[in-house]
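**Student:**
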Amino acid sequence: MASFSPATRAAWVQVIDHGIAEERRQQEYDAAVKIQSWFRGCRARAYVSWLHRNATVIQKTWRAFSARRYFRQRLKEAYFLMKMNFYDKMAVKIQQRWRGYYVRKYVHNYYARKRYLEALTKKNEQVRQELEELAEYQKRERERIAMEREEQEKYMEAQRLHFLLSTKQRPGVFNSPFRPDPDEMELRLRTVKTLRTRSAPKKTATNQQPSGFSSSVERLPPIHKTPQGPFRPAAEVQQQRQRPLEPSLRVATSITALEEAREELQQREWRTRLIDKPFLPFSKAHQNKEYESLLHTHSPYKQKAYGTKHFREEDQAQLRGKEPKLYQASELCQNRTNSVSRGGRRALALIRRNRQECSN
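Heads up, the sequence shown is in our numbering, so the first residue is 1050 and it goes up one at a time.
1) Determine, using beta-carbon pairs with one atom in the stretch 1233-1242 and one in the stretch 1309-1325, whether at least three such pairs fall under 8 Å.
2) Taking the alpha carbon of M1234 as the reference point, which residue from A1127, F1212 and R1219 has its own alpha carbon closest?
3) Please classify L1214: is it buried, with 16 or more other beta-carbons within 10 angstroms of its beta-carbon, or exposed?
4) Enumerate in chain order the residues of its own chain whose CB-to-CB distance from N1224 is below 8 Å, with the five nearest sequence positions on each side excluded.
5) How would you label L1210, buried or exposed, when you count the other beta carbons within 10 angstroms and need 16 or more for buried?
6) Just verifying my parser: in three-state terms, what is the DSSP assignment at D1232?
7) CA-CA distance, W1147 and L1166?
8) Does the beta-carbon distance from T1243 to Q1208 come in below 8 Å?
9) Contact check, M1205 vs P1296 under 8 Å by CB: the rounded distance?
10) Give me the Cα-Cα distance between A1398 and Q1405, rounded to the nearest whole angstrom.
11) Can you name the start and end residues of the alpha helix (DSSP H) that N1173 belongs to?
12) Would you mind reading off the limits of the alpha helix (DSSP H) that contains V1241?
13) Suppose the cutoff is 8 Å on Cβ atoms and the five residues either side in sequence are ignored; what does the same chain contact list for P1220 look like?
14) State the DSSP-derived secondary structure class of I1324, mapped to helix, strand or coil.
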């Protein structure tokens, strides 16, 4: 190296520096890219944060403006509603005052109403006094009638028990010798008269004379026995004889009442019946409908019960010697496959092929 000239040495130094630069070019490029990406990332993040801040300010301002506008609108509505309520209340008061004044002045006169109420009060007092006097008078009349009825009953009782009056020889039932004064009934028996009853009509004497008597002998009048009590009052006996008939429920009921009631019920049902056909329920009405056979045919034309109502033969005698047959699953499948038509077999083959393709 020492024998090299300065120019050669400078050339070698330049070559060496160029090799070192070539070796570090990729490293420097990567470093520059990293620095640029970091710087651009900082700028992008700063820009995004700036956008977020500005968007927040814009949204805050817009939301505040919208809220103030909505609040002012609601405030106007509330104020308008408050004024309308206040005006309605004041209008009601004004109408009350005016209607009261109009009614008091032109419809209902206060002083005339007052005079009417005073006169009505006096009239009510007068009517109340008259009603009280009438009630008192009716009460006295009821008491008088009850007393007269009681006196009449006592008088009739005394007439009926007149035979219990005391005599000179023996005191009566109501005149006890152990009492200082006779009983009230005893005094009443002394004042009343005996109750006279009508005797039986006398039979007129006939011209027929019994054998062994001469016609010159006069017949004596019949001996009438004096009836002895106690007897019931004649009015009570007459009322009992003339009372109306009060038959019992059994006597008043007719013998054919049950048949008549049944006939009347049938006639009422016939009158109130709308249709002659019996009522059928809405569900399964076609099953309950009976077939009406024709006049010129003998076939029933009815639905067969086998397969719909039962699955057994109607002739049970043919099944007595038979034994139930047991089928295997393969036989059932084979019978079912044989019974399927050609179109059904094609459909089954297509279904099996699709299943195999799906599984593959």
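We treat Cβ as the ideally placed atom computed from N, Cα and C, and that holds for glycine. Predicted, not measured: the structure shown is a model, and the values here were computed from it.
**Tutor:** Taking the definition as stated:
1) No, they do not touch.
2) Out of A1127, F1212 and R1219, F1212 has the C-alpha closest to the C-alpha of M1234.
3) Buried, because 16 or more other Cβ atoms sit within 10 Å of the Cβ of L1214.
4) Here the set comprises S1215, P1231, D1232 and E1235.
5) By the 10 Å Cβ count, L1210 comes out buried.
6) In the structure shown, D1232 sits in coil (DSSP, three-state: anything other than H, G, I, E or B).
7) Roughly 25 Å separates the two Cα atoms.
8) Here T1243 is near Q1208, since their CB atoms are less than 8 Å apart.
9) The pair is not a contact, with the Cβ atoms about 32 Å apart (cut-off 8 Å).
10) Looking at the two C-alpha atoms, the distance is approximately 11 Å.
11) Y1159 to R1209 is the extent of the alpha helix (DSSP H) around N1173.
12) Premise fails: V1241 is in no alpha helix (DSSP H) and is neither H nor E.
13) Counting only Cβ-Cβ distances below 8 Å, and skipping sequence neighbours, we find P1226.
14) Of the three classes helix, strand and coil, the one that applies to I1324 here is coil, per DSSP.
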